[in-house]
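Numbering (the working numbering), first residue to last: 1 to 472.
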């Protein structure tokens, strides 16, 4: 089992075996674990007993080691205080102001790819994951840190190269994670392994970028040059809660999340466009009908433009439902119950995004179909029998699921994703710019069969052919 994700196995389990609230499985060293499967149990854990089910030692080590010791790894009052301090940077009002930034970054990448395609002898083949990561890093730099990274222009940028080194997961990472989960972190990270040296080198480069941004913001405050513009970096500094090292860790965690998830999601959406060319054409038609051309440098799409496009937003929601991954690993801090079942102190539970989002008991028999229509007012998908009364009243918003807790893309409760609106806005803008200008097809046609897609291809590399579609 992959040390950071049981999602692939968990999704298969919920589709192959009967289950009510849990599926028991054995983790490392034959430790008992519970995969939580029902919407009622998920809701009880996330909304009612979040303070009881705290992040596991393994989760804290993995995030602290590879992502940054930010808001994701703290608990209790510290988490509430940090979330309150950062919330202004992710408010709905502020996110609406960022749509033009996301649109500009997507448009810039499109114009560069268009120029390459027009002089290319034959089809232009690109790694869409690499381009998505470069777009996302550039967007985070401008919108979140007030820094122009220039990663769209420079594929050899220090940040791009650092994150490339981090994602090269090997068996040595698995060893470090296992040791770090059960022993002091310093022992695991000081092992004389080549991978430890690679990771430390990459993290040092990322910390340098984050430290420079934090110091620039601190100096602006000291010199009375404080900007009225709010971003993630300014929220961290202005809160006064963190010393410099802690501020760097917070920004590191945000920087990781702001490129890793969009990189995977944009790769997934391009893969989906390749698999369903008729849906790709429909989406392109809506984009061209509703939005300004990316060639028009003087005109940007607004939040009202993007949010008012039903098929674009339905497409985004369905990609997020089908291709989001990740597992939240938690432990019971005391003896408790879930749906009446006794849960002893120390029990490890897993909340798998892929299994919840792909469970036919929560979404219906068409759960494995890519179906944006389930999110539209005219969607054919009917709310499943037994749905919560309150949730059943808005089946379109739920995509036909039994409950809002059936969708774990951004989690729920006090620890839901603080950047959910930021992420959705960025995703929609980048997708609109890309599909509005290009037609995408897979370079390797065998991958149209999803079962032949290499493991973790959507978060590492996917080659696609890009063709400019004239008229926009």
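Glycine included, each C-beta is placed from N, C-alpha and C at the ideal position.
Remember, predicted model here, so these are calculated numbers, not experimental data.
Near residue i, what residues of its chain come up, given a Cβ to Cβ distance below 7 Å and the 5 sequence neighbours on each side ignored?
i: residue 294; result: 107, 110, 111, 433, 436 and 437
i: residue 338; result: 21, 41, 44 and 45
i: residue 287; result: 312, 432, 435 and 436
i: residue 230; result: 88, 89 and 94
i: residue 385; result: In this prediction, residue 385 has a pLDDT of 49, which is less than 50 and means its spatial position is unreliable; nothing more can be read from the coordinates.
i: residue 500; result: Residue 500 lies beyond the range of the chain shown here (1 to 472); nothing can be said about it.
i: residue 472; result: 288, 293, 436 and 437
i: residue 2; result: Bear in mind that the predicted position of residue 2 carries a pLDDT of just 48, short of 50, making it too unreliable to give a figure here.
i: residue 181; result: 57, 58 and 61
i: residue 259; result: 133, 136, 137, 140 and 163
i: residue 305; result: 290 and 291
i: residue 151; result: 134, 137, 138, 157, 159 and 160
i: residue 54; result: 75, 330, 331 and 333
i: residue 346; result: 331 and 332
i: residue 92; result: 421
i: residue 283; result: 311, 312, 315 and 435
i: residue 370; result: 272, 276, 318 and 322
Quick one: what's residue i bridged to in DSSP?
i: residue 127; result: 463
i: residue 338; result: 341
i: residue 32; result: 26
i: residue 348; result: 33 and 331
i: residue 468; result: 438
Suppose the cutoff is 6 Å on Cβ atoms and the five residues either side in sequence are ignored; what does the same chain contact list for residue i look like?
i: residue 147; result: 141 and 213
i: residue 125; result: 443, 463 and 465
i: residue 123; result: 465
i: residue 467; result: 439
i: residue 323; result: 268
i: residue 473; result: Outside the shown range of the chain, which is 1 to 472, sits residue 473, and nothing can be said about it.
i: residue 176; result: 188
i: residue 81; result: none
i: residue 447; result: 453
i: residue 456; result: none
i: residue 469; result: 439
Report all residues from its chain with a CB closer than 8 Å to the CB of residue i; omit the five preceding and five following residues, and keep chain order.
i: residue 215; result: 244
i: residue 407; result: 321, 356, 357, 398, 399 and 401
i: residue 23; result: 10, 13, 14, 17, 34, 35 and 37
i: residue 7; result: 325, 326, 327, 352, 353, 354 and 355
i: residue 100; result: 300, 301 and 302
i: residue 196; result: 172, 176, 189 and 190
i: residue 211; result: 244 and 248
Find out if the Cβ-Cβ distance for the pair residue i, residue j is shorter than 7 Å.
i: residue 333; j: residue 52; result: yes
i: residue 138; j: residue 116; result: no
i: residue 427; j: residue 372; result: no
i: residue 352; j: residue 10; result: yes
i: residue 417; j: residue 102; result: no
i: residue 233; j: residue 158; result: no
i: residue 162; j: residue 202; result: yes
i: residue 235; j: residue 86; result: yes
i: residue 399; j: residue 375; result: yes
i: residue 405; j: residue 78; result: no
i: residue 63; j: residue 73; result: yes
i: residue 291; j: residue 301; result: yes
i: residue 50; j: residue 415; result: yes
i: residue 474; j: residue 342; result: Outside the displayed span of the chain (1 to 472) sits residue 474, for which this structure offers no information.
i: residue 461; j: residue 127; result: yes
i: residue 410; j: residue 420; result: yes
i: residue 264; j: residue 458; result: yes
i: residue 206; j: residue 254; result: no
i: residue 285; j: residue 69; result: no
i: residue 473; j: residue 67; result: Residue 473 lies beyond the stretch modelled for the chain, which goes from 1 to 472, so this question has no answer here.
i: residue 413; j: residue 47; result: yes
i: residue 165; j: residue 198; result: yes
i: residue 367; j: residue 360; result: yes
i: residue 221; j: residue 272; result: no
Q.
For a minimum of 4 consecutive residues, which ranges assigned as the alpha helix (DSSP H) are wholly contained in the segment 191 to 264?
A. 194 to 222 and 232 to 239
(message) Give the list of continuous alpha helix (DSSP H) stretches no shorter than 4 residues that lie fully inside the segment 31 to 104.
(response) 39 to 43, 57 to 66 and 76 to 86
- Message: So, does the segment 238 to 255 touch the segment 184 to 191, judging by three or more C-beta pairs under 8 Å?
- Response: no
- [ ] Kindly provide the ranges of any alpha helix (DSSP H) runs that are 4 or more residues long and lie completely inside the segment 260 to 291, ordered along the chain.
- [x] 277 to 290
- Item | Any beta strand (DSSP E) of 3 or more consecutive residues that is wholly inside the segment 122 to 168 | 124 to 127
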